[in-house]
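First up is the structure itself, then whatever we jot down about it.
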Amino acid sequence: MAVERNYYTIDPEGKLTCNKCKVPLVKGKAKFMYLENGFPVEMPVCPKCGFVYVPEELALGKVLAVERALEDK
Amino acid sequence: MTYIQERGSTHVYHVNRMSKEEMDHMISLCVHDQPAYCVAACPFKVDTKEMLFYAAKGNFKKALAIYEKITPFPMILCDGCTAPCEEKCKLCEIGDGVSIREVERAIVRYGESGKRSSVFRIRKKKKAVIFGSGLFPLFLAGELERKMYPTTIYCQEENYEEYIAAAAHLSESDCRNEAKRLKSMDLVFEFGCSLDPVFIREKMELADVVCASEEIAQKLAPQEEADIEIMLREQARIVSGSTQSVMDAAFSAKRAALTVDLLVQNLSPYSNRGSEGAVTTRLYTNIEGIKGSERIPCGAEGYSKEEAVEEAKRCIQCHCDECIKSCVYLSEYKKHPGLLAREIYNNTQIIMGDHPMNKAMNSCSLCGQCTVTCPNGFDMSQVCRSARENMVSTDKMPLAPHEFALMDMLFSNSEAFLCKPQPGFDICRYVFFPGCQAGAIAPDVVMDVYEDLCRRVEGGVALILGCCGAISEWAGRYEMTEKVNEQLKQELAKLGDPAIIAGCPSCMKQLKESTGAVVTGVWEILKEIGLPETARGLEVPVAIHDACGARGDVHTQDTIRELLTEMGCTVENTEYSRDLSPCCGYGGLTAYANKDMAAKMAAKCLERSDAPYVTYCMACRDRFVREGRESRHILELLYGDHACSMPDISEKRYNRLMLKEKLLKNIWNEELMMEKKDYTVTYTEDAIRMMDERMILKSDVERVLADYRESQEAVLDEETKELVARSRLGNVTFWVRFIETEEGYLVRRAYSHRMNIMKRVGQ
Chain A
1 MAVERNYYTI DPEGKLTCNK CKVPLVKGKA KFMYLENGFP VEMPVCPKCG
51 FVYVPEELAL GKVLAVERAL EDK
Chain B
74 MTYIQERGST HVYHVNRMSK EEMDHMISLC VHDQPAYCVA ACPFKVDTKE
124 MLFYAAKGNF KKALAIYEKI TPFPMILCDG CTAPCEEKCK LCEIGDGVSI
174 REVERAIVRY GESGKRSSVF RIRKKKKAVI FGSGLFPLFL AGELERKMYP
224 TTIYCQEENY EEYIAAAAHL SESDCRNEAK RLKSMDLVFE FGCSLDPVFI
274 REKMELADVV CASEEIAQKL APQEEADIEI MLREQARIVS GSTQSVMDAA
324 FSAKRAALTV DLLVQNLSPY SNRGSEGAVT TRLYTNIEGI KGSERIPCGA
374 EGYSKEEAVE EAKRCIQCHC DECIKSCVYL SEYKKHPGLL AREIYNNTQI
424 IMGDHPMNKA MNSCSLCGQC TVTCPNGFDM SQVCRSAREN MVSTDKMPLA
474 PHEFALMDML FSNSEAFLCK PQPGFDICRY VFFPGCQAGA IAPDVVMDVY
524 EDLCRRVEGG VALILGCCGA ISEWAGRYEM TEKVNEQLKQ ELAKLGDPAI
574 IAGCPSCMKQ LKESTGAVVT GVWEILKEIG LPETARGLEV PVAIHDACGA
624 RGDVHTQDTI RELLTEMGCT VENTEYSRDL SPCCGYGGLT AYANKDMAAK
674 MAAKCLERSD APYVTYCMAC RDRFVREGRE SRHILELLYG DHACSMPDIS
724 EKRYNRLMLK EKLLKNIWNE ELMMEKKDYT VTYTEDAIRM MDERMILKSD
774 VERVLADYRE SQEAVLDEET KELVARSRLG NVTFWVRFIE TEEGYLVRRA
824 YSHRMNIMKR VGQ
């Protein structure tokens, strides 16, 4: 069986709750898509409604760096 | 709200908006890499400039290495050098030229010969022979040895010293040194040969190429004259050359060595010779501000080491950097425009892979200053603009650097757009077009101007609040520009195609080209109808910053100065004004694509004077205030009203909407229905600061909150008890961190990313 690869993993560690479903966010499978490229990641996700949370540090750090690299492709 | 379609990254197709020939022509205008005057005048193309550079630093070893590149026998050559370079020295125009020959002699005398590189030097298979002695055979032997031909020299002399002495008149010690140099070369000498025809014919059989002194060649082929261009008796296949002077001999030997190269490859000795001898140069060197001086006197013994260094220091290292010294963009990229243009053009030709020059092409402010400063009119703005259009047409241009500005343009031409004839007129003689930045930064001033124009100008003055299309033009989004042009043309037609009174030089330029209408600056109209009563100049002297939109428009530049004088302003003269004026950093969307570069551009503009700046472009005014300098738009002085002090990106939009609402109410007596919310959204100071920095509008945040109210989708941070909601608006996901208050919401943080995120299912 192929080993699943994730480009980035964030564990909510029980510090985040989905406001709509009132359940804690869990580490779940998500996907970043940009300019027809996709990256599997593990992000804090609501197990009920599927809301994926992207923290500020990630958005302004890694995500921005990958965006810039893809924009110049 | 309409959004702009993001591109894909895997499309492969290609459209050229600037042909290779056009680009080559443009690049050929840049003379930066043309040889210096002294280098061009030298038949050996010795890099005199570089040699003097090292000599001036006292590095004679490196200086000698440069000289040794062009001749195997530097001592003999410099002794007989007639220095055609000296009369071409640029310093001759203002005083004594550099005494290059004497410095060169000092370099040869004091410089230490470096080790010859033996890497990748493989001996050739074809053999050469040289018969006889003298300057030409000596230099040719050296040249052939450099080219790695196994060469045998047959001569009557008995040893190396005699061979050198037969060629050149050197002092005993110099002769010994050159003999030592000759001995160290990879050459075979057969001394004491009789050189009679039988001997020569016998040896000729053993070689692939035969070379000889002119006397021997004449004896061997008396019926044939040597071609002096290629140093060859073609029938007899004998390479020979004259020994009239050292320069002649050394130059003939170079030509002869090239002929040998071509002969052994069975190629025509007439073609593929490249450029031989002195050339003409197109270099431009500005000597303004350089003082002429006298050369350091030289005695019969030549320069001492110190004197040679001093004389070499007089060299001004001729080069052209006219465009670079006044342009932040070119000096930041540390490349002359010819090279930068080539790299940018190549970037547009990449079909798959990285486009490393995207940022470079988007950082130019397209201001056109270089076309004025360059002695040949090199136009970097044309290169960058066409490269941007090319990238857009091939769908390779990222939207990220320009999207905010483009969305701003769409906002100006939709929600904030207004086109109305003056009350009481169906058809107007004029239409006032203040420009999007005037409405965003100084709405009250726009209001004053329009009311005044309606009062004092006959024939009716309509009003258009909107963007002229310069934003999309700068971004290279030509299809969007065409749409703006279409919209404006339709609106103008409704008003009876009036003449345009523009409030911004960039709009003036853009509208002239796009609508074909008669466009006049508002300053011109005010000069004609007289200043408004409110006009007051500043009491302190002011500096004028000429807008890049008015480059080449002397009339506008003059009018601004006349108006200021009429208002009683004292204008300071500054460097780089009028056509030479640099850009504030707003032009070409530099402020969006490269914030740091734009800040440096504004700072560069302000270097010219400590006085308050008067501008006639609202964007310049705003950027200077942000850099901490008192700055006024001329309309502020004319109407005694103030622009907003550093409005943030949200205020700039709000101001445009408010201006529209106020004008509709005051002039046309119409009410604009503004959407009212039954809750409030407040912001912490931190949030306001970070939103401005991150280009997040209040309207974006409010959309996220409105979506949250509807869906309740958000994450609760258990540690801070803050809620984090998000919405995808167009190509960007906005996140807002807030708390709920009694009246509504308090926003504490906001951030965004362009990447789209979704839940993975079934993987």
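Chains A and B, in that order, are what the protein sequence lines are.
Going by the working numbering, the first residue of the first sequence is number 1, and it counts up by one from there.
Going by the working numbering, the first residue of the second sequence is number 74, and it counts up by one from there.
All residues carry an ideal CB built from backbone N, CA and C; glycine is no exception.
Residue pairing by DSSP places B/Tyr-756 opposite B/Val-820 in a beta bridge. Using a Cβ-Cβ cut-off of 8 Å, A/Pro-47 does not count as an interface residue toward chain B, since no Cβ of chain B sits closer than that to its own.
With contact defined as three or more Cβ pairs closer than 8 Å, the segment 131-148 of chain B and the segment 91-100 of chain B are not in contact. Identification of chain A residues near B/Asp-790 by a Cβ-Cβ cut-off of 8 Å yields Lys-15, Leu-16, ordered along the chain. Using a CB distance cut-off of 8 Å, A/Ala-65 does not count as an interface residue toward chain B. Closer than 7 Å at the C-beta level to chain A, one finds these residues of the segment 440-472 of chain B: Pro-471. Within chain B, no residue has its CB atom less than 8 Å from the CB of A/Gly-61, the nearest being about 10 Å off. Per DSSP, the unbroken beta strand (DSSP E) holding B/Ser-704 starts and ends at 704-706. Residue pairing from DSSP places B/Asp-790 in a beta bridge opposite A/Leu-16, B/Glu-795.
Partner residues in a beta bridge of B/Ala-664, as assigned by DSSP, do not exist. In the structure shown, the three-state DSSP call for B/Tyr-712 is helix.
In the same chain as A/Leu-70, and ignoring 5 residues on each side of it, the C-beta atoms closer than 7 Å to its own belong to Tyr-34, Leu-35, Asn-37, in chain order.
For the set B/Ala-414, B/Val-261, B/Ala-238, the Cα lying nearest the Cα of B/Ser-101 is the one of B/Ala-414. For A/Val-26, no Cβ of chain B is located within less than 8 Å of the residue's own Cβ. Among the bridge pairs identified by DSSP, B/Ser-313 is matched with B/Ala-285.
Excluding the 5 residues flanking it on each side, B/Leu-679 has same chain C-beta neighbours closer than 8 Å at Tyr-686, Phe-697, Glu-700, Arg-702, in chain order. Remark: fewer than three beta-carbon pairs, one from each stretch, lie closer than 8 Å, so the segment 162-177 of chain B and the segment 251-260 of chain B are not flagged as touching. Under the three-state reduction of DSSP output, B/Ile-389 falls in the coil class, being neither helix nor strand. In the DSSP annotation of this structure, A/Lys-22 is not part of any beta strand (DSSP E), being labelled neither H nor E.
Not one beta carbon of chain A lies nearer than 8 Å to the beta carbon of B/Tyr-183.
Using a Cβ-Cβ cut-off of 8 Å, A/Tyr-8 does not count as an interface residue toward chain B, since no Cβ of chain B sits closer than that to its own. Burial check for B/Asp-521: the Cβ neighbour count within 10 Å reaches 16 or more, so the residue is buried. Annotation: B/Ile-203 is outside any alpha helix (DSSP H); the continuous beta strand (DSSP E) that includes it extends over 201-204. Between B/Val-282 and B/Val-337, the C-beta spacing is below 8 Å. Taking the Cα positions, B/Phe-324 is about 19 Å away from B/Val-181. For B/Phe-272, the enclosing alpha helix (DSSP H) starts and ends at 270-277.
With contact defined as three or more Cβ pairs closer than 8 Å, the segment 582-591 of chain B and the segment 536-545 of chain B are in contact.
Boundaries of the beta strand (DSSP E) harbouring B/Thr-224: 224-227, taken from the DSSP string. In the structure shown, B/Glu-645 falls within a strand segment according to DSSP collapsed to helix, strand and coil. Residue-level contact check: A/Asp-72 touches chain B, since one or more beta carbons of chain B fall below 8 Å from its beta carbon. A straight line joining the alpha-carbon of B/Glu-216 with that of B/Asp-334 spans about 11 Å. Put simply, the CB of B/Ala-241 is far from chain A, with every gap to its CB atoms at 8 Å or more.
The shortest C-alpha to C-alpha distance from B/Glu-786 to any of A/Pro-40, A/Val-52, A/Lys-31 is the one to A/Val-52. For a Cβ distance threshold of 7 Å, residue set Lys-29, Ala-30, Lys-31, Pro-40 of chain A lies close to B/Arg-833, ordered along the chain. Against chain A, a Cβ distance below 8 Å from B/Pro-429 picks out Asp-72. Nearest Cα to B/Asn-419 within the set B/Val-456, B/His-826, B/Lys-163, B/Ala-129: B/Val-456.
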